[in-house]
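Chains as they are written, first to last, in the numbering used here: chain A, 1 to 453; chain B, 1001 to 1183. Every residue gets a Cβ at the ideal spot worked out from N, C-alpha and C, and that includes glycine.
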Ligand code: FES
Ligand SMILES: [Fe+2]
């Protein structure tokens, strides 16, 4: 596949995209070679691995990895792949350990991934095996943004903070809303099904448009939500944010957003009124006003008010696995945590009022693309709001003055195309980074990779 | 091989009573299953008490010495943890005709088996049962879910109501695009 082929598949200026990017084996292989190994990928939040020896297994791209809390409090990750014959060394989803013992021939590795035990080392290898060469393959770079740990395999990638760029200002609404930060609840809800991972990633980067139709059936249960939904049809309601670095968001702006909790628990109303005041005092009214749905390029999403974190793990060109974690304010009282968790699950689990219908869309598109050939020759329309992004004195990035449009989605694919067509790490020239308004002040304030503990 | 003693009269009565109770509960389950398979969701909802809990915990792969984490508890996440209000929202959604993942409607079949009565109190019975649920929609789209339910059935006005349903679904990663079915 030539660069020109991919250029032809994604026409950002015309707002046209070929459905082949969602189904072709060649495209998927190229994502595995050029996108996932180069990007900063979300691994874990600090609170998912609270104790020394806590571990979890996850994916980077399609590669299984183990993430473990080290003795010194740091986080390390490695390919889940024994250097002897390739057996996965960790076959549980999570747990606590000091050693990963491979269950094939018994090589064992410590929390840092070093090879520390080899059965029949003296008799078999005559003591000549250099154990230091046969440790687990590490994720060479791990950095944290305010407790969110990301991993990257590419030495040429910029720092995580630079990679996030203008996104960090928005991301603070997730991880720095109140002083104590968030607690992520586990285990993650996981579901795997037909479809391409980008359907979900692009939707969370800005698709307000689908709410009225896809989720029509859930609004009946929530009159206040129907009102908000009607408002999203107004052309001046909310905004979209598109980052030159591929990230995207939709958000409402104007008044402090009620935390959109889908619960009949009156304790939450009181709690969130109080939480809102604390958030305004800590993060500032400007950003607390934003009620946001985000995708951090390429496959990490979240909804701050829902509230949950989401990973979209690719499992093939037409299969992906969604992982979802509810989160709560770390300092919230236990009964509030329970109630917030339940309401997130009620809406956004695969059993949920919203999520059931999202997956139907993605799986159905996957089904017709898998079956068809003529449909792959057609072009898909990404033209709503085309060319209407602008700089803004308050909000960093490119802003589209309504919530409904394709501005961040096109930004996502523009960046995606740069990764797939570039021979080296696709750095964006400084002159194209549009960090404006309070974004400048903020990026100064939140710069640097804070490592907890 | 030993020959079993013929049970005394009162022993036989107790055995018969157990048998009748189980038959009664099995009938309740078969009727419940057909409500779901016939898409009579409001009628199905009416089988639940006002204080009910419909709970599907999350399951993980864990090493044997740390099995306590295999099934999530009260503090952890759940695939579903619905009170009557939440269940009702899901039923209303189903009946709205705008719930696109169930319109066109799926075909389902709920098989209920291995019914075991665990505890009998004055007005409540705790029962375990196994299920296999089949769903077909959109041509060749097929899902199968196996699992176990632990129910608290409460006797209300001469019939049973589900006061608690705890569902162990036998999948770590859910192998379907959604769970638009009820168990
Ligand atoms: S494959 Fe791991 S010890 Fe042989
Ligand atoms: Fe949606």
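Any non-hydrogen atom of ligand 1 within 7 Å of residue i CB
i	result
residue 1065 of chain B	no
residue 104 of chain A	yes
residue 45 of chain A	no
residue 107 of chain A	yes
residue 86 of chain A	yes
residue 82 of chain A	yes
Ligand 2 heavy atom lying under 7 Å from the CB of residue i
i	result
residue 406 of chain A	no
residue 354 of chain A	yes
residue 215 of chain A	yes
residue 210 of chain A	yes
residue 358 of chain A	yes
Chain-order list of residues whose beta-carbon lies under 7 Å from that of residue i (same chain, five-residue window excluded)
i	result
residue 26 of chain A	1
residue 121 of chain A	127, 129
residue 450 of chain A	In this predicted model, residue 450 of chain A has a pLDDT of only 36, less than 50, meaning its place in the structure is not dependable; the value taken from the coordinates is given anyway. Contacts found: 144, 146.
residue 448 of chain A	With a pLDDT of only 33 at residue 448 of chain A, under the threshold of 50, the placement of this residue in the model should not be trusted; the figure read from the coordinates follows. For residue 448 of chain A, where only same-chain residues beyond five positions count, the Cβ hits under 7 Å are 161.
residue 107 of chain A	82, 84, 115, 117, 118
residue 1101 of chain B	1178, 1180
Chain-order list of residues whose beta-carbon lies under 6 Å from that of residue i (same chain, five-residue window excluded)
i	result
residue 202 of chain A	409, 412
residue 445 of chain A	Bear in mind that the predicted position of residue 445 of chain A carries a pLDDT of just 30, short of 50, making it too unreliable to give a figure here.
residue 1012 of chain B	none
residue 441 of chain A	Annotation note: pLDDT 30 at residue 441 of chain A (below 50); position unreliable, coordinate value reported separately. Nothing listed; no residue qualifies.
residue 1071 of chain B	1057, 1059
residue 1029 of chain B	1112
residue 15 of chain A	382, 383, 386
residue 189 of chain A	324, 349
residue 1168 of chain B	1147, 1148
residue 1166 of chain B	1055, 1150
residue 1077 of chain B	1058
Cβ-based neighbour list, residue i, same chain, cut-off 8 Å, excluding 5 preceding and 5 following
i	result
residue 328 of chain A	182, 183, 185, 307, 336, 337, 340, 341
residue 1018 of chain B	1117
residue 1142 of chain B	1134, 1135, 1136
residue 1001 of chain B	Note on residue 1001 of chain B: pLDDT 45, under 50, position unreliable in the model; no value is reported.
residue 1099 of chain B	1093, 1180
residue 380 of chain A	16, 17, 18, 19
residue 125 of chain A	118
Near ligand 3: residue i beta-carbon under 7 Å from a heavy atom
i	result
residue 1071 of chain B	Ligands in the displayed structure: ligand 1 and ligand 2; ligand 3 is not one of them.
8 Å contact criterion, which residue i and residue j should meet: CB distance rounded
i	j	result
residue 326 of chain A	residue 345 of chain A	6 Å
residue 1148 of chain B	residue 1130 of chain B	5 Å
residue 41 of chain A	residue 150 of chain A	6 Å
residue 420 of chain A	residue 23 of chain A	About 15 Å separates the two Cβ atoms, so there is no contact after all.
residue 167 of chain A	residue 247 of chain A	4 Å
residue 1080 of chain B	residue 1124 of chain B	About 22 Å separates the two Cβ atoms, so there is no contact after all.
residue 400 of chain A	residue 242 of chain A	7 Å
residue 137 of chain A	residue 78 of chain A	6 Å
Jot down the residue ranges of each uninterrupted alpha helix (DSSP H) in the segment 286-350 of chain A, minimum 4 residues, whole runs only, in chain order.
-> 334-348
Is it true that the segment 1083-1102 of chain B meets the segment 353-369 of chain A, where meeting means three or more beta-carbon pairs spaced less than 8 Å apart?
-> yes
Any chance the segment 354-370 of chain A sits against the segment 182-194 of chain A, with 3 or more Cβ pairs inside 8 Å?
-> yes
Continuous beta strand (DSSP E) assignments of at least 3 residues falling wholly in the segment 62-114 of chain A = 63-69, 75-79, 94-96, 99-101, 108-110
Length at least 3, wholly inside the segment 377-412 of chain A: the beta strand (DSSP E) runs in chain order | 398-400
Taking 8 Å as the threshold, find out whether the segment 202-221 of chain A comes into contact with the segment 30-42 of chain A through three or more Cβ pairs.
-> no
Do the segment 1063-1078 of chain B and the segment 1037-1053 of chain B meet, that is, are 3 or more Cβ pairs less than 8 Å apart?
-> no
In the segment 1093-1181 of chain B, which residue ranges form an unbroken beta strand (DSSP E) of at least 3 residues, counting only runs that do not cross its ends?
-> 1107-1120, 1124-1137, 1141-1156, 1159-1169
Does the segment 5-15 of chain A come close enough to the segment 272-292 of chain A to have 3 or more Cβ pairs within less than 8 Å?
-> no
Would the segment 230-243 of chain A and the segment 418-426 of chain A be scored as touching if the rule is three or more Cβ pairs under 8 Å?
-> no
Three-pair Cβ contact test at 8 Å for the segment 48-58 of chain A versus the segment 92-101 of chain A = yes
Note down, one range per segment and in chain order, each alpha helix (DSSP H) of at least 4 residues found wholly within the segment 124-195 of chain A.
-> 160-164, 167-175
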